[in-house]
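Participant:
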Amino acid sequence: MCREAQRRGGGWLLPDEVDRLLAVFGLPRPEARVAFNEDEAVQCARELGYPVAVKLASATLVHKTEWQGVHLNIADEAGVRRAVQAMRQELARRDMLEAMAGVLVQKMAPDGIDVFAGVTQDPTFGPVIAFGLGGTAVEVLGDVVFRITPLTDRDAHDMVRSIRGWPLLTGFRGQPPADAAAAEEVLLRLSRMVEEIPDIVTVDLNPVRLLPAGRGALVLDARVRVQ
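So for the sequence shown, my numbering puts the first residue at 950; every next one is plus one.
Here's what the structure looks like:
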């Protein structure tokens, strides 16, 4: 899947390529389908079962929310159609419709705590793994820790517990503790991914939904860039 992107000149992988890559490294995602029009999106939602999320698929527009590209908790066919139409209208209004490669229809995930895991490149040390609270909080709060690769088990353990938001993962205000061990496993698998595929220059798993302890984690959204 990385070679397919390289044949296009490098850059961001398409959603189906990202899904295949994550599957190879055992990074679980909610069940999802790629659709190329409204009718296909509706059919995908029927197959997955409501509620679903409908997200923009694009190799160039990576911040989906800036393009009305994320629609959550859709409960019926009409909602799916409205989501696809809203994306197309926003992209057309901004003369970017050609950047749309379809939509990703995804089964809604159970409740949990959202975190971020990623890879960036340091000019001196090479691939660096990042971890912090997920969603828009990662940019607003700046609560992120970093380690160079390859990660050890101890590195992953310490990273998860080094963020200021760690108390949120331990069962804040009566909520069940999040699966910290699953977060550690995500970091270790990310490290292995960039060790085995050095052409990967950026990975952004945001959010990663940590389910209650013992139930694992799900990568809800992911971007991967290759050189």
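Virtual Cβ for every residue (Gly too), placed ideally from N, Cα, C.
Under 8 Å, do Lys1056 and Pro979 count as touching if we go by C-beta distance?
Facilitator: Yes, these two residues count as a Cβ contact at 8 Å.
Participant: Tell me where the beta strand (DSSP E) around Leu1021 begins and ends.
Facilitator: Leu1021 -> beta strand (DSSP E) spans Val1019 to Ile1023.
Participant: DSSP three-state call for Ala1008: helix, strand or coil?
Facilitator: Reduced to three states, the DSSP call for Ala1008 is coil.
Participant: State the Cα-Cα distance for the pair Glu989 and Asp1104, rounded to the nearest angstrom.
Facilitator: Cα to Cα, the separation comes out at about 44 Å.
Participant: Would you list the residues sitting across from Pro1116 in a DSSP beta bridge?
Facilitator: Pro1116 is not bridged to any residue.
Participant: Classify His1020 as buried or exposed, calling it buried when 16 or more other Cβ atoms lie within 10 Å of its own Cβ.
Facilitator: So His1020 counts as buried.
Participant: Along the chain, where does the alpha helix (DSSP H) that runs through Ala1171 open and close?
Facilitator: Premise fails: Ala1171 lies in the beta strand (DSSP E), Ala1171 to Val1175, not in any alpha helix (DSSP H).
Participant: Kindly provide the ranges of any beta strand (DSSP E) runs that are 3 or more residues long and lie completely inside the stretch 1071 to 1102, ordered along the chain.
Facilitator: Within the stretch 1071 to 1102, the complete beta strand (DSSP E) runs of at least 3 residues are 1075 to 1082 and 1093 to 1097.
Participant: Reducing DSSP to helix, strand and coil, say where Phe1121 ends up.
Facilitator: Helix at Phe1121.
Participant: Helix, strand or coil for Pro964, going by three-state DSSP, please let me know.
Facilitator: Residue state, collapsed to three classes: helix.
Participant: Who are Gly1067's beta bridge partners in DSSP?
Facilitator: Paired residues: Ala1079 and Asp1153.
Participant: When the Cα atoms are used, what is the spatial distance from Leu1137 to Glu1144?
Facilitator: The alpha-carbon atoms of Leu1137 and Glu1144 are separated by roughly 11 Å.
Participant: Would you mind reading off the limits of the beta strand (DSSP E) that contains Leu1206?
Facilitator: Since the first residue shown for the chain is 950 and the last is 1176, residue 1206 is missing from the structure and cannot be characterised.
Participant: Pull up the distance between the alpha-carbon of Ala1002 and that of Asp1148, whole angstroms please.
Facilitator: Spanning the two alpha carbons is a distance of roughly 30 Å.
Participant: Does the beta-carbon distance from Val967 to Ala1171 come in below 8 Å?
Facilitator: Contact flag set, yes.
Participant: Going by beta-carbon coordinates alone, are Ala1129 and Val1109 separated by less than 8 Å?
Facilitator: In contact: Ala1129 and Val1109 (Cβ atoms closer than 8 Å).
Participant: Would you tell me roughly how many angstroms separate the C-alpha atoms of Gly959 and Thr1151, rounded to the nearest one?
Facilitator: For Gly959 and Thr1151, the distance between alpha carbons rounds to 12 Å.
Participant: What does DSSP give as the partner residue(s) for Leu997 in the beta ladder?
Facilitator: In DSSP, Leu997 forms no bridge with anything.
Participant: Please report the residue range of the alpha helix (DSSP H) in which Arg1030 lies.
Facilitator: Counting along the chain, the alpha helix (DSSP H) containing Arg1030 begins and ends at Glu1026 to Arg1042.
Participant: Are three or more beta carbon pairs between the stretch 982 to 997 and the stretch 1017 to 1032 nearer than 8 Å?
Facilitator: The answer is yes - the stretch 1017 to 1032 touches the stretch 982 to 997, with three or more Cβ pairs under 8 Å.
Participant: Give the C-beta separation of Phe1074 and Ile1097 to the nearest angstrom, bearing in mind that I take them to be a contact with Cβ-Cβ under 8 Å.
Facilitator: With 8 Å as the limit, Phe1074 and Ile1097 qualify as a contact, their Cβ atoms being about 5 Å apart.
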